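Below: one structure, written as structure tokens.
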DNA sequence: CTCTCTACTTAGTAAATCCAGT
DNA sequence: ACTGGATTTACTAAGTAGAGAG
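Residue numbers (the working numbering): 40 to 829.
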């Protein structure tokens, strides 16, 4: 059952409307009347005047098209979203007709600050610009850098004045850089458990055993069942087997029985669980100690947390979706493959004994500490600083500042692409159409992908079969996006967009890219001409944050309880997640969980009903007043009977266990046990409960306990009501969240300053919405005025 | 241009940890 | 205190985007 989140905006809403992405995944009904906003005061006057003019033009032109933006058919989130669509028609190498490419203004020449990128295998390179420690850290004499990032010496870059100008990418990022390299996974220790081949136990070389174990561990997972995964694993495993002639000849995957190894792992897991507290603690301490050297790096004298300092352990490549290489062996990384990035004067960390580093470079334009090439896809892996670091924080803030900058240009950009939808140059027309989709549906850019990757697409790489035309200018999207997550959505679009898609499709045909004259590079070049640094992804950030700001403001009512406010927050968050199509697989226990919460609510209601009857018995006038009348009477008699039976049963259990405990105690004190008859005596209390409940039910009246007062009962009912409301909120939240992942948008798309300002305004502690790591990551967002807006 | 390479952000899921309800 | 389910964190795959080579 699809749970609709429907928010109908009051139609008198005026400004800011321009900023809301068209889709909002159909969650918001846009009012037809519409006023462009012009609320930035920080714009230079000259520009402002110019903007006014443009806005007027936009309005004139948009009037006609505006209704088309309104009703978007409901997005069907629930339908087999993950069904991996079989790879359709392998994209044949396309011929791109390169006509006139001239209209796009030449990309500005990048600054000449050359990178002089080193060949990884090169000899060490002397650093270019070298100078003594910068003023960045006033290097307090005598004060050592403390362990914890929490200490007062921690560098709060966001409190510094400068860094106003967004630096270009090839700028120098550091002056001195020191770290202890990377942590390698421990050597493989053979376990000796024999798997079977053709029913017979076999002995494998340690190398072969290791790879077999990689597979065995995944036996019961989706990967282990995937034929492509099996095949790729098996091929690579056979290579390993061949390397040691003592290995048995293994010809057929189907004759392999990995179960013994799998069982061994299951045992290991259980043993691990069964470890005592002490053992667990010791293991943890040991682990912590072993990784301590790698935890921090020194950047320009400042202590910064390192992120993924661990070299990825060997294993089987777990490609997502239908990745042709999934299951291939990801080999152990040797120090000889790893290049370190260090300051020239930094001490070079010792490589593991008997090994050496691939090389050590001093690339001051890069922020990575170490890098290596992975063997499955030949892609490059990096070790970076953690999300809490200065580098990551600054670039995070810059990302959001860039998105905010887009606010100043978005009206013009929209105006332009609406105009260009009718351009006679198909190149321009395609670009405009794509921009429309990127802007209104928050699609990704869609770079082209290779044959040896999963077949997924984004905007520019959408193919014929990914959009179908429905009546009423409605486009139906159905494609696999990043991570092979299905995007399925029906959207009513501008008639001109509809027409364009129709034309483009006709020109290409099945299996071909719809925007055959468009590349992500071309698109981004065009966007760059509007605003420095503007690219397709900025629209996602922009639309996510502006949507959140707008929604959270609208949904949160000042007098709500904190629980209600949190629900509103999550709902706003959810809108963004839906917009960006961030999904998760519904947990297998979801239904169960929901019904459990339902039971809890009913139990509360039952309690409430009991209290109410007591209240009425105590003070019949209350019944007339009706303040505590049942707000909803969905407690069926049948359910009540059952529930009461349960209550009695539980009471019995309680009595029994209490009895046992008391007996245990007596035994400990060397005293005689209580006889069974005693238990029987005690159990009578449960029977009495049973009788009492039965009687109460019959008479429909409850004698209040002696010391009960009207006041007390009323309070108790109010408290129960609160709990009912809270639990209901929880249930709603969970149900609506079933297949939507809020984390990604919170982590990457929603400007944290919106949240900080919201928490302050509504008196909600930030810990309620940000986890510990998020709080840390977003420390830079704390220093804002209370009325900050995105 | 087109293709490849590099460096960085974004993403879902597995593993680890937390916490509420007995 | 113990669980087991929920939440958080770790992990690493999969994107974006720009540069540079050919």
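Cβ coordinates follow ideal geometry from the N, Cα and C atoms, glycine included.
Every value quoted in this text rests on a predicted model; they were computed, and no experiment measured them.
DSSP three-state call for residue i: helix, strand or coil?
i           : result
residue 518 : strand
residue 696 : helix
residue 140 : For residue 140, the predicted model reports a pLDDT of 30, less than 50, meaning its position is unreliable; a value from the coordinates is still stated below. Note: residue 140 maps to coil in three-state DSSP.
residue 581 : helix
residue 740 : coil
residue 85  : Low confidence applies here, because residue 85 scores a pLDDT of 33, under 50, leaving its location unreliable; read the following figure in that light. Looking at residue 85 - three-state DSSP - the assignment turns out to be helix.
residue 552 : strand
residue 503 : helix
residue 284 : coil
residue 802 : coil
residue 525 : strand
residue 196 : helix
residue 239 : strand
residue 364 : coil
residue 745 : coil
residue 513 : strand
Are there 16 or more other CB atoms within 10 angstroms of the CB of residue i, so buried, or fewer, so exposed?
i           : result
residue 394 : exposed
residue 477 : buried
residue 215 : buried
residue 709 : exposed
residue 673 : exposed
residue 745 : exposed
residue 791 : buried
residue 705 : exposed
residue 738 : exposed
residue 434 : exposed
residue 697 : exposed
residue 560 : exposed
residue 419 : exposed
residue 298 : exposed
residue 584 : buried
residue 464 : exposed
Are the Cβ atoms of residue i and residue j separated by less than 7 Å?
i           : j           : result
residue 625 : residue 777 : yes
residue 768 : residue 594 : no
residue 301 : residue 819 : no
residue 772 : residue 612 : no
residue 328 : residue 335 : no
residue 428 : residue 344 : yes
residue 496 : residue 485 : yes
residue 514 : residue 506 : yes
residue 350 : residue 221 : yes
residue 8   : residue 442 : This structure cannot settle anything about residue 8, because the visible part of the chain is limited to 40 through 829.
residue 639 : residue 557 : no
residue 536 : residue 580 : no
residue 522 : residue 359 : yes
residue 643 : residue 756 : no
residue 647 : residue 759 : yes
residue 732 : residue 683 : yes
residue 618 : residue 743 : no
residue 654 : residue 661 : yes
Using only the alpha-carbon positions, how far apart do residue i and residue j sit?
i           : j           : result
residue 592 : residue 454 : 27 Å
residue 267 : residue 364 : 8 Å
residue 817 : residue 348 : 22 Å
residue 770 : residue 635 : 10 Å
residue 798 : residue 825 : 10 Å
residue 873 : residue 793 : Residue numbering for the chain in the displayed model covers 40 to 829; residue 873 lies beyond these limits and cannot be assessed.
residue 397 : residue 373 : 9 Å
residue 98  : residue 511 : Reliability of the predicted coordinates at residue 98 is poor, the pLDDT of 30 falling under 50, and the value obtained from them is presented with this limitation in mind. Taking the straight line from one Cα to the other gives about 24 Å.
residue 533 : residue 807 : 41 Å
residue 725 : residue 715 : 16 Å
residue 246 : residue 405 : 36 Å
residue 385 : residue 784 : 38 Å
residue 256 : residue 810 : 31 Å
Among the candidates the options, whose CA atom is the shortest distance from the CA of residue i?
i           : options            : result
residue 24  : 477, 318, 367      : A query on residue 24 cannot be resolved here, the shown segment of the chain reaching from 40 to 829 and no further.
residue 597 : 802, 427, 304      : 802
residue 403 : 228, 249, 383, 542 : 383
residue 728 : 538, 269, 691      : 691
residue 288 : 270, 431, 241      : 241
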